[in-house]
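Student: All residue numbers for the sequence shown refer to our numbering, where the first residue is 2 and numbers rise by one.
Got a structure for you, written out below as structure tokens; questions coming shortly.
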Amino acid sequence: MNQLKEIFLDNNLKVGGFYELAIQVCSSLENNPIKLYTEFIWSLNNVEGPFDKSFKLIEVDVENVPHNGMLNLENYNIPFLTYNIREDEPIETGYNWFDICFYTAAIEKVFGSEYQTWSDNPNVPKELADFLHKVLKQLYEIYPFQLAIIDFEVSGQYYFDNLKKSVINDWSNASFYVGDSLYESIMLENRKYVTKVEDL
Numbered sequence: 002m003n004q005l006k007e008i009f010l011d012n013n014l015k016v017g018g019f020y021e022l023a024i025q026v027c028s029s030l031e032n033n034p035i036k037l038y039t040e041f042i043w044s045l046n047n048v049e050g051p052f053d054k055s056f057k058l059i060e061v062d063v064e065n066v067p068h069n070g071m072l073n074l075e076n077y078n079i080p081f082l083t084y085n086i087r088e089d090e091p092i093e094t095g096y097n098w099f100d101i102c103f104y105t106a107a108i109e110k111v112f113g114s115e116y117q118t119w120s121d122n123p124n125v126p127k128e129l130a131d132f133l134h135k136v137l138k139q140l141y142e143i144y145p146f147q148l149a150i151i152d153f154e155v156s157g158q159y160y161f162d163n164l165k166k167s168v169i170n171d172w173s174n175a176s177f178y179v180g181d182s183l184y185e186s187i188m189l190e191n192r193k194y195v196t197k198v199e200d201l
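Following this line, the structure appears as structure tokens:
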């Protein structure tokens, strides 16, 4: 636990922006799915936390934004956080987003400097990519989200409606995931960017 604490408290790892799984979950009027997602992540066997800034355990509470902790991936320990963004302008048409975020500096320090997830040609550790794919599928089974995106600093940048309505050509690094029930409503030109959750 001392090693985990040392890594968690190292502020040099908490810089550089986020490589993240960003999920457009549901309407901002619905909060229960966010509660379910948050409780699930912090109950995983390879997750420690959430902690306060002094590495003391705190209760899981969706009113706490963010939740900070440690993730163990095949003997790699890395700090991460979960974050809920509730769009409220106006709340009737906004969305609840649930993000699982990793500092790019932490990724490079823990896995190796060659793993630059923020560059034009991102290099993502296999252990991290596998975890994000596994957990997004598990979250979808708990509550079917509208859209999940994996990329650098991507939360709120795209919405499911973007995939339906217009061809956007700057998605080269973003990976998009939707359920089978929504896939058919995506423009044909955009489907090359999208993976069905059921195919993971």
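The beta carbon of each residue, even a glycine, is placed where N, CA and C say it ideally should be.
For Phe99 versus Ile35, is the C-beta distance shorter than 7 Å?
Tutor: A contact, by the Cβ cut-off of 7 Å.
Student: Hey, how far is the Cα of Asp152 from the Cα of Ala175?
Tutor: C-alpha separation (whole angstroms): 5 Å.
Student: If we ignore side chains and look at the alpha-carbon of each, how far apart do Ile86 and Ser114 end up?
Tutor: Approximately 30 Å between the Cα atoms of the pair.
Student: Between the Cα of Glu40 and those of Lys15, Leu129, Ser182 and Ile101, spot the shortest distance and give me the residue it belongs to.
Tutor: The option with the nearest alpha carbon to Glu40 is Ile101.
Student: Indicate whether the contact test is met: 3 or more Cβ pairs, each with one atom in the stretch 2-12 and one in the stretch 127-139, closer than 8 Å.
Tutor: The stretch 2-12 is not in contact with the stretch 127-139.
Student: Classify Pro126: buried if its beta carbon has 16 or more other beta carbons within 10 angstroms, exposed otherwise.
Tutor: Buried, since its Cβ has 16 or more Cβ neighbours within 10 Å.
Student: Quick check on the burial criterion: 16 or more other C-beta atoms within 10 angstroms. Buried or exposed for Pro51?
Tutor: The residue is buried, with at least 16 neighbouring Cβ atoms inside 10 Å.
Student: Go to Ile8, then tell me how far its alpha helix (DSSP H) extends in each direction, as first and last residue.
Tutor: From DSSP, the alpha helix (DSSP H) with Ile8 extends over Asn3 to Leu10.
Student: Smallest Cα separation from Thr105: which of Thr94, Tyr96, Gly95 and Trp119?
Tutor: Nearest C-alpha to Thr105: Trp119.
Student: On a Cα-Cα basis, can you pick out the residue from Val63, Lys193 and Glu109 that is closest to Lys165?
Tutor: When each option's Cα is compared against that of Lys165, the closest is Lys193.
Student: Our contact map puts Ile79 next to Ala107 with C-beta atoms below 8 Å; I'd like the distance itself, whole angstroms only.
Tutor: Indeed, because the Cβ distance is near 5 Å, the residues count as touching under 8 Å.
Student: In its own chain, which residues sit with a C-beta less than 7 Å from the C-beta of Pro67, not counting the 5 before and 5 after it?
Tutor: Contacts found: Leu82, Thr83 and Tyr84.
Student: May I ask which residues mark the beginning and end of the beta strand (DSSP E) holding Glu31?
Tutor: First-last for Glu31: undefined, no H or E at that position.
Student: Asp53 to Phe177, Cα distance in whole Å?
Tutor: Cα to Cα, Asp53 sits roughly 32 Å from Phe177.
Student: What is the residue span of the beta strand (DSSP E) that Thr196 lies within?
Tutor: Run containing Thr196: Val195 to Lys197, per the beta strand (DSSP E) assignment.
Student: Cutting at 6 Å between CB atoms, please list the residues of its own chain near Val26, excluding the five before and the five after it.
Tutor: Around Val26: Pro34, Asn97, Phe99 and Phe146.
Student: Pick helix, strand or coil for Leu45, following the three-state DSSP scheme.
Tutor: Of the three classes helix, strand and coil, the one that applies to Leu45 here is coil, per DSSP.
Student: Would you call the CB atoms of Glu109 and Phe19 closer than 7 Å?
Tutor: No, the pair does not count as a contact, with Cβ atoms beyond the cut-off.
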